[in-house]
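Read the structure below first, then the notes.
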Amino acid sequence: MIAERIHHSSENYVAILMDREESSPVIVVSPVGGVNIEETAKSSPHLIFTVSLTSCQTTKEVIDIQAGLTEQQALTIAQKLNFKDKIAKQVAEQLQRLYRMFIDVDATQIEINPLAITTDGRVCCVDAKLNFDDSAEFRQQRIFAMHSAETQPLEHEAHKHQLNYVGLSGNIGCMVNGAGLAMATMDMIKMYGGEPANFLDLRGSVTTLQVFHALGIIVSDSKVKTVLVNIFGGIVDCQIIAEGIIAGVEHYGLSHPFIIRLDGTNKTSACETLKASGIPMLFVSELDQAAIMAVENAKQFA
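Take 330 as the starting number for the sequence shown in my numbering and just add one per residue.
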(Lines of atoms letter the chains of each structure in order from A; the text may use other names.)
(Lines give C-alpha, C1' and ligand atoms only; values in the text may rest on other atoms or scores of the structure.)
Protein backbone atom coordinates (compact mmCIF):
# COMPACT_ATOMS: atom_id res chain seq x y z
CA MET A 330 0.00 0.00 0.00
CA ILE A 331 1.24 3.49 -0.88
CA ALA A 332 0.20 6.30 1.44
CA GLU A 333 1.06 9.95 1.80
CA ARG A 334 3.83 10.73 4.24
CA ILE A 335 2.46 13.07 6.88
CA HIS A 336 4.71 15.79 8.28
CA HIS A 337 2.97 16.85 11.44
CA SER A 338 3.54 19.36 14.18
CA SER A 339 1.32 17.77 16.85
CA GLU A 340 -0.34 14.46 17.72
CA ASN A 341 -3.69 14.29 19.50
CA TYR A 342 -6.02 11.52 20.60
CA VAL A 343 -9.74 11.32 19.77
CA ALA A 344 -12.09 8.42 20.44
CA ILE A 345 -15.83 7.90 20.37
CA LEU A 346 -16.79 4.86 22.42
CA MET A 347 -19.83 3.16 23.87
CA ASP A 348 -19.98 3.87 27.59
CA ARG A 349 -21.67 0.86 29.21
CA GLU A 350 -22.40 2.74 32.43
CA GLU A 351 -23.98 5.67 30.61
CA SER A 352 -25.61 3.42 27.98
CA SER A 353 -24.59 5.96 25.37
CA PRO A 354 -21.62 7.15 23.31
CA VAL A 355 -18.86 9.08 25.03
CA ILE A 356 -16.13 11.22 23.45
CA VAL A 357 -12.60 10.96 24.86
CA VAL A 358 -9.88 13.39 23.76
CA SER A 359 -6.34 14.25 24.74
CA PRO A 360 -3.80 16.80 23.47
CA VAL A 361 -1.18 14.09 23.96
CA GLY A 362 -1.72 11.39 21.34
CA GLY A 363 0.48 8.84 19.65
CA VAL A 364 1.70 5.46 20.80
CA ASN A 365 1.96 6.44 24.48
CA ILE A 366 -1.71 7.29 25.10
CA GLU A 367 -2.05 4.39 27.57
CA GLU A 368 0.92 5.70 29.53
CA THR A 369 -0.56 9.21 29.45
CA ALA A 370 -3.81 7.89 30.92
CA LYS A 371 -1.85 6.40 33.83
CA SER A 372 0.71 9.11 34.50
CA SER A 373 -1.24 12.24 33.48
CA PRO A 374 -4.98 11.54 33.72
CA HIS A 375 -5.65 15.31 33.80
CA LEU A 376 -4.72 15.35 30.10
CA ILE A 377 -7.59 12.98 29.23
CA PHE A 378 -10.96 14.71 28.74
CA THR A 379 -14.30 12.92 28.57
CA VAL A 380 -17.55 14.26 27.16
CA SER A 381 -20.68 12.22 27.87
CA LEU A 382 -23.71 12.30 25.60
CA THR A 383 -26.41 11.69 28.19
CA SER A 384 -24.84 12.30 31.57
CA CYS A 385 -26.67 14.43 34.12
CA GLN A 386 -23.45 14.91 36.08
CA THR A 387 -22.35 18.53 36.28
CA THR A 388 -18.72 17.55 35.69
CA LYS A 389 -19.54 16.50 32.14
CA GLU A 390 -21.00 18.47 29.28
CA VAL A 391 -24.32 17.02 28.16
CA ILE A 392 -24.82 16.28 24.46
CA ASP A 393 -28.24 15.38 23.10
CA ILE A 394 -27.78 11.90 21.65
CA GLN A 395 -30.50 12.46 19.06
CA ALA A 396 -29.46 15.94 17.98
CA GLY A 397 -25.84 14.87 17.91
CA LEU A 398 -22.68 16.89 18.39
CA THR A 399 -23.34 20.58 17.70
CA GLU A 400 -20.81 22.94 16.15
CA GLN A 401 -20.36 24.82 19.42
CA GLN A 402 -19.87 21.63 21.42
CA ALA A 403 -17.34 20.36 18.88
CA LEU A 404 -15.47 23.68 19.12
CA THR A 405 -15.40 23.36 22.91
CA ILE A 406 -13.82 19.92 22.59
CA ALA A 407 -11.31 21.26 20.05
CA GLN A 408 -10.33 23.97 22.53
CA LYS A 409 -9.66 21.29 25.15
CA LEU A 410 -7.05 20.06 22.68
CA ASN A 411 -5.54 23.58 22.78
CA PHE A 412 -6.55 24.50 19.22
CA LYS A 413 -7.56 27.99 18.17
CA ASP A 414 -9.01 29.83 15.20
CA LYS A 415 -8.96 27.99 11.85
CA ILE A 416 -7.40 24.80 13.22
CA ALA A 417 -10.01 24.60 15.98
CA LYS A 418 -12.76 24.94 13.38
CA GLN A 419 -11.22 22.16 11.24
CA VAL A 420 -10.94 19.87 14.26
CA ALA A 421 -14.54 20.62 15.23
CA GLU A 422 -15.75 19.74 11.73
CA GLN A 423 -13.78 16.49 11.87
CA LEU A 424 -15.30 15.63 15.25
CA GLN A 425 -18.81 16.19 13.92
CA ARG A 426 -18.13 13.96 10.90
CA LEU A 427 -16.69 11.25 13.13
CA TYR A 428 -19.73 11.36 15.39
CA ARG A 429 -22.12 11.09 12.44
CA MET A 430 -20.09 8.15 11.16
CA PHE A 431 -20.20 6.50 14.60
CA ILE A 432 -24.01 6.61 14.55
CA ASP A 433 -24.50 5.83 10.85
CA VAL A 434 -22.38 2.65 10.80
CA ASP A 435 -23.43 1.32 14.24
CA ALA A 436 -19.90 1.59 15.58
CA THR A 437 -18.95 0.76 19.15
CA GLN A 438 -15.53 2.37 18.82
CA ILE A 439 -13.89 4.92 16.56
CA GLU A 440 -10.39 5.70 17.77
CA ILE A 441 -8.19 8.21 15.95
CA ASN A 442 -4.63 8.08 17.21
CA PRO A 443 -3.08 10.27 16.24
CA LEU A 444 -5.29 13.07 15.02
CA ALA A 445 -2.43 15.11 13.59
CA ILE A 446 -1.97 18.70 12.58
CA THR A 447 0.33 18.86 9.56
CA THR A 448 3.06 21.44 9.13
CA ASP A 449 0.97 23.12 6.42
CA GLY A 450 -2.04 23.49 8.74
CA ARG A 451 -4.25 20.52 7.83
CA VAL A 452 -6.12 18.22 10.20
CA CYS A 453 -5.40 14.59 9.35
CA CYS A 454 -6.56 11.25 10.81
CA VAL A 455 -3.27 9.37 10.56
CA ASP A 456 -4.40 6.08 12.09
CA ALA A 457 -7.79 4.69 13.05
CA LYS A 458 -9.31 1.74 14.85
CA LEU A 459 -12.98 0.86 14.37
CA ASN A 460 -15.24 -1.73 15.96
CA PHE A 461 -18.86 -2.38 15.06
CA ASP A 462 -21.92 -3.67 16.88
CA ASP A 463 -22.40 -7.33 15.89
CA SER A 464 -26.12 -6.98 16.54
CA ALA A 465 -26.36 -4.40 13.74
CA GLU A 466 -25.09 -6.73 11.02
CA PHE A 467 -28.51 -6.79 9.35
CA ARG A 468 -28.19 -3.02 8.83
CA GLN A 469 -24.49 -3.00 7.97
CA GLN A 470 -24.12 -5.95 5.63
CA ARG A 471 -21.56 -4.20 3.41
CA ILE A 472 -19.29 -3.56 6.38
CA PHE A 473 -19.61 -7.05 7.84
CA ALA A 474 -18.90 -8.59 4.43
CA MET A 475 -15.39 -7.13 4.75
CA HIS A 476 -14.31 -9.62 7.41
CA SER A 477 -10.82 -9.28 8.84
CA ALA A 478 -7.98 -11.06 7.07
CA GLU A 479 -6.98 -12.27 10.53
CA THR A 480 -10.24 -14.19 10.91
CA GLN A 481 -9.76 -17.92 10.40
CA PRO A 482 -11.93 -19.54 7.68
CA LEU A 483 -13.87 -21.68 10.17
CA GLU A 484 -14.51 -18.67 12.40
CA HIS A 485 -15.78 -16.73 9.41
CA GLU A 486 -18.02 -19.64 8.40
CA ALA A 487 -19.39 -19.85 11.94
CA HIS A 488 -20.15 -16.13 11.96
CA LYS A 489 -22.22 -16.56 8.78
CA HIS A 490 -24.46 -18.96 10.71
CA GLN A 491 -24.56 -16.79 13.86
CA LEU A 492 -22.38 -19.19 15.82
CA ASN A 493 -19.68 -18.20 18.30
CA TYR A 494 -16.62 -20.27 17.35
CA VAL A 495 -12.92 -19.95 18.11
CA GLY A 496 -10.49 -22.56 16.84
CA LEU A 497 -7.90 -23.94 19.27
CA SER A 498 -4.98 -26.36 19.02
CA GLY A 499 -6.45 -29.51 20.63
CA ASN A 500 -8.24 -32.59 19.26
CA ILE A 501 -11.53 -32.65 21.22
CA GLY A 502 -14.35 -30.87 19.43
CA CYS A 503 -16.78 -29.10 21.76
CA MET A 504 -20.43 -28.22 21.13
CA VAL A 505 -21.81 -26.36 24.14
CA ASN A 506 -24.52 -23.79 24.85
CA GLY A 507 -23.59 -20.71 26.86
CA ALA A 508 -20.15 -19.13 27.11
CA GLY A 509 -19.80 -19.97 30.81
CA LEU A 510 -20.58 -23.65 30.33
CA ALA A 511 -18.31 -23.72 27.28
CA MET A 512 -15.40 -22.34 29.31
CA ALA A 513 -16.09 -24.78 32.16
CA THR A 514 -16.17 -27.66 29.67
CA MET A 515 -12.81 -26.69 28.21
CA ASP A 516 -11.32 -26.29 31.69
CA MET A 517 -12.56 -29.75 32.63
CA ILE A 518 -11.06 -31.28 29.48
CA LYS A 519 -7.68 -29.71 30.27
CA MET A 520 -7.89 -30.80 33.92
CA TYR A 521 -8.11 -34.43 32.79
CA GLY A 522 -5.18 -34.12 30.41
CA GLY A 523 -6.94 -33.31 27.15
CA GLU A 524 -6.95 -30.32 24.82
CA PRO A 525 -10.08 -28.72 23.35
CA ALA A 526 -10.07 -28.14 19.60
CA ASN A 527 -12.44 -25.22 19.78
CA PHE A 528 -14.72 -22.94 21.71
CA LEU A 529 -18.25 -23.15 20.28
CA ASP A 530 -21.20 -21.54 21.99
CA LEU A 531 -24.70 -22.31 20.69
CA ARG A 532 -27.07 -19.43 21.37
CA GLY A 533 -30.32 -19.81 23.30
CA SER A 534 -32.37 -19.43 20.12
CA VAL A 535 -30.38 -22.08 18.24
CA THR A 536 -32.11 -23.94 15.41
CA THR A 537 -31.69 -27.45 14.04
CA LEU A 538 -29.95 -25.98 10.99
CA GLN A 539 -27.47 -24.09 13.17
CA VAL A 540 -26.64 -27.28 15.09
CA PHE A 541 -26.12 -29.00 11.73
CA HIS A 542 -23.71 -26.28 10.59
CA ALA A 543 -21.99 -26.19 13.99
CA LEU A 544 -21.20 -29.89 13.76
CA GLY A 545 -19.91 -29.45 10.22
CA ILE A 546 -17.61 -26.64 11.33
CA ILE A 547 -16.28 -28.64 14.29
CA VAL A 548 -15.37 -31.71 12.24
CA SER A 549 -13.93 -29.59 9.42
CA ASP A 550 -10.92 -29.24 11.71
CA SER A 551 -8.79 -32.26 10.80
CA LYS A 552 -7.31 -32.32 14.32
CA VAL A 553 -10.66 -33.30 15.86
CA LYS A 554 -10.69 -36.96 16.96
CA THR A 555 -13.78 -36.96 19.17
CA VAL A 556 -16.75 -34.65 19.76
CA LEU A 557 -18.11 -33.70 23.17
CA VAL A 558 -21.67 -32.33 23.21
CA ASN A 559 -22.53 -30.65 26.51
CA ILE A 560 -25.97 -29.01 26.57
CA PHE A 561 -27.98 -27.60 29.45
CA GLY A 562 -31.50 -27.16 28.10
CA GLY A 563 -32.82 -24.13 29.89
CA ILE A 564 -33.79 -21.99 26.93
CA VAL A 565 -32.32 -24.48 24.47
CA ASP A 566 -34.50 -27.45 23.50
CA CYS A 567 -32.44 -30.66 23.66
CA GLN A 568 -34.64 -32.17 20.95
CA ILE A 569 -33.41 -29.52 18.51
CA ILE A 570 -29.83 -30.43 19.39
CA ALA A 571 -30.51 -34.13 18.78
CA GLU A 572 -32.12 -33.55 15.40
CA GLY A 573 -29.28 -31.27 14.29
CA ILE A 574 -26.63 -33.81 15.34
CA ILE A 575 -28.33 -36.66 13.49
CA ALA A 576 -28.67 -34.55 10.34
CA GLY A 577 -25.01 -33.56 10.55
CA VAL A 578 -23.68 -37.07 11.14
CA GLU A 579 -25.71 -38.47 8.25
CA HIS A 580 -24.84 -35.64 5.86
CA TYR A 581 -21.12 -35.55 6.61
CA GLY A 582 -20.77 -39.32 7.03
CA LEU A 583 -19.05 -38.94 10.38
CA SER A 584 -17.39 -41.74 12.29
CA HIS A 585 -16.01 -39.65 15.15
CA PRO A 586 -16.73 -40.91 18.68
CA PHE A 587 -19.48 -38.78 20.26
CA ILE A 588 -19.78 -38.10 23.97
CA ILE A 589 -23.27 -36.76 24.73
CA ARG A 590 -24.32 -34.93 27.88
CA LEU A 591 -27.81 -33.46 27.75
CA ASP A 592 -29.81 -32.02 30.62
CA GLY A 593 -32.96 -29.93 30.87
CA THR A 594 -35.75 -29.31 28.37
CA ASN A 595 -36.78 -32.49 26.49
CA LYS A 596 -33.67 -34.31 27.66
CA THR A 597 -35.35 -37.73 27.71
CA SER A 598 -36.92 -37.53 24.27
CA ALA A 599 -33.70 -36.12 22.80
CA CYS A 600 -31.62 -39.00 24.16
CA GLU A 601 -34.18 -41.49 22.88
CA THR A 602 -34.05 -39.87 19.44
CA LEU A 603 -30.26 -40.10 19.35
CA LYS A 604 -30.25 -43.73 20.49
CA ALA A 605 -32.90 -44.66 17.91
CA SER A 606 -30.74 -43.19 15.13
CA GLY A 607 -28.29 -46.07 15.47
CA ILE A 608 -25.33 -43.68 15.55
CA PRO A 609 -22.68 -44.90 18.03
CA MET A 610 -22.70 -42.49 20.95
CA LEU A 611 -21.73 -42.55 24.60
CA PHE A 612 -24.23 -40.93 26.97
CA VAL A 613 -23.17 -39.48 30.33
CA SER A 614 -24.90 -37.43 33.01
CA GLU A 615 -21.97 -35.68 34.73
CA LEU A 616 -19.58 -33.15 33.22
CA ASP A 617 -16.44 -34.62 34.74
CA GLN A 618 -17.40 -38.04 33.41
CA ALA A 619 -17.99 -36.54 29.97
CA ALA A 620 -14.58 -34.85 30.01
CA ILE A 621 -12.80 -38.04 31.08
CA MET A 622 -14.45 -40.09 28.33
CA ALA A 623 -13.71 -37.43 25.72
CA VAL A 624 -10.03 -37.35 26.70
CA GLU A 625 -9.78 -41.16 26.66
CA ASN A 626 -11.44 -41.41 23.25
CA ALA A 627 -9.29 -38.66 21.78
CA LYS A 628 -6.14 -40.50 22.90
CA GLN A 629 -7.43 -43.80 21.56
CA PHE A 630 -8.15 -42.43 18.10
CA ALA A 631 -5.20 -40.04 17.89
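Glycine included, each C-beta is placed from N, C-alpha and C at the ideal position. Every value quoted in this text rests on a predicted model; they were computed, and no experiment measured them.
- In the displayed model, E486 falls within a helix according to three-state DSSP.
- The closest CA to that of I394, considering only D463, V420, S352, M504, is found on S352.
- By the neighbour-count definition (other C-beta atoms within 10 Å, threshold 16), L603 is a buried residue.
- Here R590 is buried. Its C-beta has 16 or more other C-beta atoms within 10 Å.
- Positions of the beta strand (DSSP E) runs, each at least 3 residues long and wholly inside the stretch 421-482, are given as 436-447, 452-454, 457-461 in order along the chain.
- Following the DSSP letters along the chain, one finds V556 in no alpha helix (DSSP H) but inside the beta strand (DSSP E) bounded by residues 555-562.
- In this structure, H336 keeps its C-beta atom at 8 Å or more from the C-beta atom of T514.
- In this chain, the alpha helix (DSSP H) harbouring L404 covers 400-409.
- Residue environment for F431: buried (at least 16 other C-beta atoms within 10 angstroms of its C-beta).
- In this structure A526 is in contact with D550, their Cβ atoms being roughly 5 Å apart against a cut-off of 8 Å.
- Taking C-beta atoms as the reference points, K519 and F630 fail to come closer than 8 Å.
- With a contact defined as Cβ atoms closer than 8 Å, G533 and I574 miss out at about 18 Å.
- In chain order, Y494, G496, I546, S549, D550 place their CB closer than 7 Å to the CB of L483, counting only its own chain and leaving out the 5 sequence neighbours on each side.
- Distance from K409 to V358 at the Cβ level is roughly 6 Å; contact confirmed, criterion being Cβ atoms closer than 8 Å.
- With contacts defined as CB atoms closer than 8 Å, V613 and A605 fail to qualify as a contacting pair.
- Shortest Cα-Cα distance from V624 to any of G522, R451, E615 involves G522.
- Relative to the Cα of A543, the nearest Cα in the group E524, H580, R468 belongs to H580.
- Comparing alpha-carbon positions, the option among L459, S498, M622 lying closest to L427 turns out to be L459.
- For E340, the enclosing beta strand (DSSP E) starts and ends at 337-348.
- Of I560, N442, D433, the smallest CA-CA separation from R471 is found for D433.
- Secondary structure note for S598: its alpha helix (DSSP H) is the uninterrupted segment 596-605.
- For T514, no beta strand (DSSP E) run applies; the uninterrupted alpha helix (DSSP H) run containing it begins and ends at 508-520, by DSSP.
- Using a Cβ distance threshold of 8 Å, G593 and F541 do not count as a contacting pair.
- For D393, the secondary structure class from DSSP, reduced to helix, strand or coil, is coil.
- Per DSSP, L611 is not a residue of any alpha helix (DSSP H); the beta strand (DSSP E) it occupies stretches across 610-612.
- With respect to the C-alpha of I569, the residue from S598, L557, F587, I588 having the closest C-alpha is S598.
- L616 sits close to M517, with the two beta carbons spaced by under 8 Å.
- Assignment of beta-bridge partners to N626 by DSSP yields no partner.
- Judged by beta-carbon spacing, N442 lies within the 8 Å limit of G363, meaning their Cβ atoms are closer than that value.
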